[in-house]
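K.L.:
Take a look at this one; I'll ask things after.
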Amino acid sequence: FYIKVKDDRLDDVKFQTFGCGAAIAVSSMVSEMAKGKTLDEGLAITNELVAEELGGLPKNKMHCSNLGADALHAAIRNYRDTRAGRAPAAVPAAEEHEHPECCSCPFCDTALQEEDKLFCRACRVEFVECPACGGISKKGEPVCIHCGKPLEGKD
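With positions in the sequence shown counted from 1, the corresponding number in our numbering is that position plus 9.
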């Protein structure tokens, strides 16, 4: 997130993400929810509030809601540290996490069988596994919907 602060209020909030549609929706919602709020009010925006404001998310996309508010909080902490003359805290390396998408179809939420985890029998969509992050994307996509890295053998 990029924040512009005026009189201790979030005057503008922008984001960049290479994630899936849910991650983009979450980031956009956080941006809209935060604009005009004080820094403390911005810190009060929780992942749960974001998901609720979106009208909920499919269970296999709930982890996406964790990204938006956390990123906003990091931007606010960075801003405050910089204003106080402290070096901004180092950004921790991304946590390794399970990709729920590997267990269920990101399109219809049907459980994928281990032996067929790259094909959804319900909606007949074929997937490829990203060599960089392990997430699954629809076959033929040029980049991973999770990490934005090019997919090998995309065709």
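For each residue, glycine too, the CB sits at the ideal point set by N, CA and C.
#1: Starting from the C-beta of Cys156, find all residues in its chain whose C-beta is less than 6 Å away, skip the five residues before and the five after it, and write them out in chain order.
#2: Closest by CA to Ala34, which one among Glu62, Ile12, Glu138, Tyr88?
#3: Over what stretch of residues does the beta strand (DSSP E) that includes Leu19 continue unbroken?
#4: Spatial neighbours of Tyr88 within its chain, please: CB distance less than 8 Å, with the 5 preceding and 5 following residues excluded, ordered by chain position.
#5: How big is the Cα-Cα spacing for Val137 and Ala53?
#6: Beta-carbon separation of Ser40 and Phe24 under 8 Å?
#7: Measure the Cβ-Cβ separation of Val22 and Ala43 and say whether it is below 8 Å.
#8: Quick one: is Cys132 buried, meaning 16 or more other Cβ sit within 10 Å of its Cβ, or exposed?
#9: In angstroms, rounded to a whole number, what distance separates the CA positions of Gly30 and Thr91?
#10: So for Ile85, helix, strand or coil by DSSP?
#11: Alpha carbon to alpha carbon, how far is Phe128 from Cys139?
#12: Can you tell me whether Ala103 is buried or exposed, with buried defined as 16 or more other CB within 10 angstroms of its CB?
#13: Among all the DSSP beta bridges, which residues are the ones paired with Phe27?
#14: Can you tell me whether Leu160 is buried or exposed, with buried defined as 16 or more other CB within 10 angstroms of its CB?
#15: Determine whether the beta carbon atoms of Thr55 and Ala78 lie at a separation below 8 Å.
P.N.:
Reading off the structure:
#1: Taken in chain order, the residues that qualify are Ala141, Cys142.
#2: Glu62
#3: For Leu19, the uninterrupted beta strand (DSSP E) run begins and ends at 18-23, by DSSP.
#4: Cβ neighbours of Tyr88 beyond the five flanking positions: Ile12, Val14, Leu48.
#5: 38 Å
#6: yes
#7: yes
#8: exposed
#9: 32 Å
#10: helix
#11: 14 Å
#12: Low confidence applies here, because Ala103 scores a pLDDT of 45, under 50, leaving its location unreliable and the question unanswered by this model.
#13: None; Phe27 has no bridge partner.
#14: buried
#15: Contact flag set, yes.
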